[in-house]
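Peer 1: Got a structure for you, questions after.
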Amino acid sequence: MNINATLIGQSIAFILFVWFTKKYVWSFLMAAMEERKQKIADGLAAAERGKHEQELAEKRAAEVIAEAKTQAQGIISKAEKRASEIVEEAKGNARTEGERLLAAANAEIEQEVNRAKEDLRGQVVSLAVAGAGRVLKKELDSKAHNDMLKDLVSQI
Amino acid sequence: MADAITSTDYIKHHLTNLTYGNHPENGWSFAHTAQEAKEMGFWAFHVDSLAWSLVLGLIFLFIFRRAAKKATSGVPSGMQNFVEWIVDFIDDSVRGSFSGKNPWVAPIALTIFAWIFLMNLMDLVAIDWLPMLAQWVGGTFLGMDPHHVYFKVVPTTDPNITFGLAIAVFLMMLYYSIKMKGIGGFTGELTLHPFSAKNPLLQAIFIPINFLLEFVSLISKPVSLALRLFGNMYAGETIFILIALMYGAGIGFGIFGGVLQLGWAIFHILIITLQAFIFMTLTIVYLDMAHQTSDH
Chain G
174 MNINATLIGQ SIAFILFVWF TKKYVWSFLM AAMEERKQKI ADGLAAAERG
224 KHEQELAEKR AAEVIAEAKT QAQGIISKAE KRASEIVEEA KGNARTEGER
274 LLAAANAEIE QEVNRAKEDL RGQVVSLAVA GAGRVLKKEL DSKAHNDMLK
324 DLVSQI
Chain L
39 MADAITSTDY IKHHLTNLTY GNHPENGWSF AHTAQEAKEM GFWAFHVDSL
89 AWSLVLGLIF LFIFRRAAKK ATSGVPSGMQ NFVEWIVDFI DDSVRGSFSG
139 KNPWVAPIAL TIFAWIFLMN LMDLVAIDWL PMLAQWVGGT FLGMDPHHVY
189 FKVVPTTDPN ITFGLAIAVF LMMLYYSIKM KGIGGFTGEL TLHPFSAKNP
239 LLQAIFIPIN FLLEFVSLIS KPVSLALRLF GNMYAGETIF ILIALMYGAG
289 IGFGIFGGVL QLGWAIFHIL IITLQAFIFM TLTIVYLDMA HQTSDH
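Those protein sequence lines, which keep their order, are chains G and L.
Under my numbering, think of the first position of the first sequence as 174, with each following residue one higher.
Under my numbering, think of the first position of the second sequence as 39, with each following residue one higher.
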């Protein structure tokens, strides 16, 4: 319990320990803790920003979807219009084609009829000549009568 | 403690430091008795207090240095977490009580708190273990009389240790007072308060009175710091010794003593932390007062 030089030793040790703590302990720990605080603050800010950006993105997505819907609607209605146009066009084409075919067929029929008439006319001429020959039982100047008969035939 | 010893011997033995010093007759040696230790005068060392306080201080520095070396701003590991918890606590205390800007105050506070806490903590080690180990080592290997191997393991029950700390704090207070206020400012603080007068003659009379008051209040700071810590720890240690005496007084007393010791030890956990905290907080406050320049 005597007061002696121990206290000097203790004081010196204390000052040395404080020096060591200041130089080699405190600043390192405080730096690390400060840095971590900064990191956490940054992280929180980034999270906040991310949230905000997500909200914006969602809003934009909704806009894009709505726009896409109206566009799709427009495309569909345009396509329907175009389809009905095509159908109308096809109908018109078919009608004109049908009319054309009908006309061609009619023309052919008429041609056939004319050709048949021509044939018939030829045969009627020869029949008439043969018939007349038999009726007259006389040789006729076939050349003179032929012209007359041809003229006759053309009047049929 | 081979031969029968009385309670008085036991208590005295526990309260005597292992002293190394220059004895008028024996020269530089370990003191064999408390009487011899007293005769050594000022130039003697309490080897046990000093060694334990250094060892504990080095343990503190080792743990904190390791944590500081590995400190990262990432996820802290267990030890770093613990150390950072203490550092954060100290930092909060310093921010709360210290208004100036001085990078030294926080390390001072940390050193005081951790070191005093560790030194107080030695009080919770069963009081006979380390002294008996020391007696065995001293008697077996060093050829000393086991009876004269004194060994106090709680440095803070030695007034030299607490006064050593308090004097260092006091020197810091003086240093910062003079540094912040200048010698004139500091003397002014000591002599011109609390009484002052416009009349020069009256003022001249007041100066010695002021100085007396302020000087006492200045000196009382380190003294109260040292004695508060020493008194608390010494009383606690003494109670542990008294409880330990009961173990020698029959089974009934032994069990009762065990219960008492457990209770006192649990209560003591509070005291040792509190004393370390009070010493630290008062140091911060005193240093803060030393830094204040213009509030008078």
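Where a beta carbon is used, it is the ideal one built from N, C-alpha and C, also for glycine.
On a predicted model such as this, the values are computed, not experimentally measured, just so you know.
Are the C-beta of leucine 217 of chain G and some C-beta of chain L separated by less than 9 Å?
Peer 2: Looking up residue 217 of chain G in the first sequence gives position 44. So, not an interface residue.
Peer 1: Return helix, strand or coil for histidine 84 of chain L, following the three-state DSSP convention.
Peer 2: Along the second sequence, one-based indexing puts residue 84 of chain L at 46. The answer is strand: DSSP assigns histidine 84 of chain L an E or B state.
Peer 1: For serine 215 of chain L, tell me which candidate among L:Val207, L:Phe208, L:Phe224 has the shortest Cα-Cα distance.
Peer 2: To locate residue 215 of chain L, count along the second sequence from 1; it is residue 177. Measuring from the Cα of serine 215 of chain L, the nearest candidate turns out to be L:Phe224.
Peer 1: So, with DSSP's three-state summary, where would you put asparagine 60 of chain L?
Peer 2: In the second sequence, the residue the question calls residue 60 of chain L occupies position 22. In the structure shown, asparagine 60 of chain L sits in a strand (DSSP, three-state: E or B).
Peer 1: Just verifying my parser: in three-state terms, what is the DSSP assignment at methionine 233 of chain L?
Peer 2: Position 195 of the second sequence holds residue 233 of chain L. Inspection of the sequence shows that residue 233 of chain L is occupied by phenylalanine rather than by methionine. Looking at phenylalanine 233 of chain L - three-state DSSP - the assignment turns out to be coil, as it is neither helix nor strand.
Peer 1: Where does serine 111 of chain L fall in DSSP's three states?
Peer 2: Here residue 111 of chain L is taken as the residue at index 73 of the second sequence, counted from 1. Here serine 111 of chain L sits in coil by DSSP.
Peer 1: Given this structure, state the Cα-to-Cα distance separating lysine 107 of chain L from glutamine 118 of chain L, to the nearest angstrom.
Peer 2: On the second sequence, position 69 is the one that residue 107 of chain L refers to. On the second sequence, position 80 is the one that residue 118 of chain L refers to. Computed Cα separation, rounded: 10 Å.
Peer 1: Taking the alpha carbon of methionine 321 of chain G as the point to measure from, which residue in G:Ala186, G:Val308, G:Asn266, G:Ala301 has its own alpha carbon closest?
Peer 2: If you number the first sequence from 1, residue 321 of chain G lands on position 148. Closest option to methionine 321 of chain G, Cα to Cα, is G:Ala301.
Peer 1: Tell me where the alpha helix (DSSP H) around glycine 138 of chain L begins and ends.
Peer 2: Indexing the second sequence from 1 puts residue 138 of chain L at position 100. No alpha helix (DSSP H) holds glycine 138 of chain L; DSSP gives it neither H nor E.
Peer 1: Are three or more beta carbon pairs between the segment 313 to 332 of chain L and the segment 115 to 131 of chain L nearer than 8 Å?
Peer 2: Yes: at least three Cβ pairs fall under 8 Å.
Peer 1: Can you round the beta-carbon distance between serine 111 of chain L and glutamate 236 of chain G to whole angstroms, since I take them to be within the 8 Å contact cut?
Peer 2: Taking the first residue of the second sequence as position 1, residue 111 of chain L is located at position 73. Taking the first residue of the first sequence as position 1, residue 236 of chain G is located at position 63. Not really, about 41 Å apart at Cβ, beyond 8 Å.
Peer 1: What would DSSP say about glycine 286 of chain L, mapped onto helix, strand or coil?
Peer 2: Counting from 1 along the second sequence, the entry for residue 286 of chain L is found at position 248. The answer is coil: DSSP assigns glycine 286 of chain L none of H, G, I, E or B.
Peer 1: In chain order, what residues of the segment 76 to 89 of chain L put their CB closer than 8 Å to some CB of chain G?
Peer 2: If the cut-off is 8 Å between Cβ atoms, the segment 76 to 89 of chain L has Lys76, Met78, Gly79, Phe80, Trp81, Ala82, Phe83, His84, Ser87, Leu88 near chain G.
Peer 1: Cβ of glycine 292 of chain L less than 9 Å from any chain G Cβ?
Peer 2: For this step, residue 292 of chain L is matched to residue 254 along the second sequence. False, the Cβ-Cβ gap to chain G never drops below 9 Å.
Peer 1: Find the nearest neighbour of phenylalanine 201 of chain G within the set L:Val121, L:Gln73, L:Gly59, judged by alpha-carbon distance.
Peer 2: For the purposes of this step, residue 201 of chain G is taken as the residue at position 28 of the first sequence. Comparing Cα positions, the closest option is L:Val121.
Peer 1: Using a Cβ distance threshold of 8 Å, determine whether the segment 220 to 239 of chain G contacts the segment 141 to 153 of chain L, with at least three qualifying pairs required.
Peer 2: With a cut-off of 8 Å, the segment 141 to 153 of chain L and the segment 220 to 239 of chain G do not count as touching, because too few Cβ pairs lie within range.
Peer 1: What's the gap between the Cα of phenylalanine 294 of chain L and the Cα of leucine 280 of chain L?
Peer 2: In the second sequence, counting from the first residue as 1, residue 294 of chain L sits at position 256. In the second sequence, counting from the first residue as 1, residue 280 of chain L sits at position 242. So the alpha carbons of these two residues sit roughly 12 Å apart.
Peer 1: Can you tell me where the beta strand (DSSP E) with tryptophan 66 of chain L in it begins and where it stops?
Peer 2: The residue given as residue 66 of chain L occupies position 28 in the second sequence. Where tryptophan 66 of chain L is concerned, the enclosing beta strand (DSSP E) stretches over 65 to 68.
Peer 1: Return the CA-CA distance between phenylalanine 314 of chain L and leucine 96 of chain L, expressed in angstroms with no decimal places.
Peer 2: For the purposes of this step, residue 314 of chain L is taken as the residue at position 276 of the second sequence. For the purposes of this step, residue 96 of chain L is taken as the residue at position 58 of the second sequence. It should be noted that the sequence gives alanine, not phenylalanine, for residue 314 of chain L. For alanine 314 of chain L and leucine 96 of chain L, the distance between alpha carbons rounds to 17 Å.
Peer 1: Compare the C-alpha of histidine 329 of chain L against each of L:Asp126, L:Gly220, L:Phe244 and name the closest.
Peer 2: To locate residue 329 of chain L, count along the second sequence from 1; it is residue 291. Nearest of L:Asp126, L:Gly220, L:Phe244 to histidine 329 of chain L, Cα basis: L:Gly220.
Peer 1: Which value, in whole angstroms, describes the spacing of the CA atoms of proline 232 of chain L and valine 261 of chain L?
Peer 2: Here residue 232 of chain L refers to the residue found at position 194 when the second sequence is read from its first residue. Here residue 261 of chain L refers to the residue found at position 223 when the second sequence is read from its first residue. About 22 Å.
Peer 1: Which residue's Cα is closest to the Cα of threonine 200 of chain L: L:Asp183, L:Ser45, L:Phe155?
Peer 2: For the purposes of this step, residue 200 of chain L is taken as residue 162 along the second sequence, with counting starting at 1. It is L:Phe155.
Peer 1: Buried or exposed: where does glutamine 244 of chain G fall if 16 or more other Cβ atoms within 10 Å of its Cβ makes it buried?
Peer 2: On the first sequence, position 71 is the one that residue 244 of chain G refers to. Looking at its Cβ environment, which holds fewer than 16 other Cβ atoms inside 10 Å, glutamine 244 of chain G is exposed.
Peer 1: Any idea what DSSP makes of tyrosine 48 of chain L, helix, strand or coil?
Peer 2: Start at 1 with the first residue of the second sequence, and residue 48 of chain L comes out as number 10. Note: tyrosine 48 of chain L maps to helix in three-state DSSP.
Peer 1: For valine 121 of chain L, which three-state DSSP category applies?
Peer 2: In the second sequence, residue 121 of chain L corresponds to position 83, counting from 1. Three-state result, valine 121 of chain L: helix.
Peer 1: As a quick exercise: from L:Val207, L:His186, L:Met210, L:Ser255, pick the residue whose alpha carbon is nearest that of glutamate 227 of chain L.
Peer 2: Within the second sequence, residue 227 of chain L is the residue found at index 189, counting from 1. Glutamate 227 of chain L has its Cα closest to that of L:Ser255, out of L:Val207, L:His186, L:Met210, L:Ser255.
Peer 1: Compare the C-beta of alanine 205 of chain G against all C-beta atoms of chain L and say whether one is closer than 9 Å.
Peer 2: Your numbering for residue 205 of chain G matches position 32 in the first sequence. It does; some Cβ of chain L falls within 9 Å.
Peer 1: Could you tell me whether any Cβ in chain L is nearer than 9 Å to the Cβ of alanine 178 of chain G?
Peer 2: On the first sequence, residue 178 of chain G is found 5 positions in, with the first residue counted as 1. Taking Cβ atoms only, chain L reaches closer than 9 Å to alanine 178 of chain G, which makes this a yes.
Peer 1: When you compare each of G:Ile213, G:Ser250, G:Arg294 to aspartate 324 of chain G by their alpha carbons, which one comes out closest?
Peer 2: For the purposes of this step, residue 324 of chain G is taken as residue 151 along the first sequence, with counting starting at 1. The shortest C-alpha separation from aspartate 324 of chain G is found at G:Arg294.
Peer 1: Using CA coordinates, which residue listed in L:Gln173, L:Thr46, L:His52 is at the minimum distance from phenylalanine 272 of chain L?
Peer 2: Indexing the second sequence from 1 puts residue 272 of chain L at position 234. Residue 272 of chain L is actually tyrosine in this sequence, not phenylalanine. Minimum Cα distance to tyrosine 272 of chain L is reached at L:His52.
Peer 1: Could you give the DSSP three-state label for alanine 178 of chain G: helix, strand or coil?
Peer 2: Here residue 178 of chain G refers to the residue found at position 5 of the first sequence. Reduced to three states, the DSSP call for alanine 178 of chain G is coil.
Peer 1: Give the residues from the segment 207 to 238 of chain G that approach chain L closer than 7 Å (Cβ to any Cβ), ordered along the chain.
Peer 2: Hits within the stretch, in order: Glu208, Arg209, Lys212.
Peer 1: Count the other CB atoms within 10 Å of the CB of serine 91 of chain L; is the residue buried (16 or more) or exposed (fewer)?
Peer 2: As a working note, residue 91 of chain L is residue 53 in the second sequence. Buried: at least 16 other Cβ atoms inside 10 Å.
Peer 1: Tell me whether aspartate 292 of chain G is buried or exposed, calling it buried when 16 or more other Cβ atoms sit within 10 Å of its Cβ.
Peer 2: Indexing the first sequence from 1 puts residue 292 of chain G at position 119. Classification of aspartate 292 of chain G: exposed, given that the 10 Å Cβ count is below 16.
Peer 1: Against chain G, with Cβ distances strictly below 9 Å, would valine 323 of chain L count as a contact?
Peer 2: If you number the second sequence from 1, residue 323 of chain L lands on position 285. It does not: the Cβ of valine 323 of chain L has no partner Cβ on chain G nearer than 9 Å.
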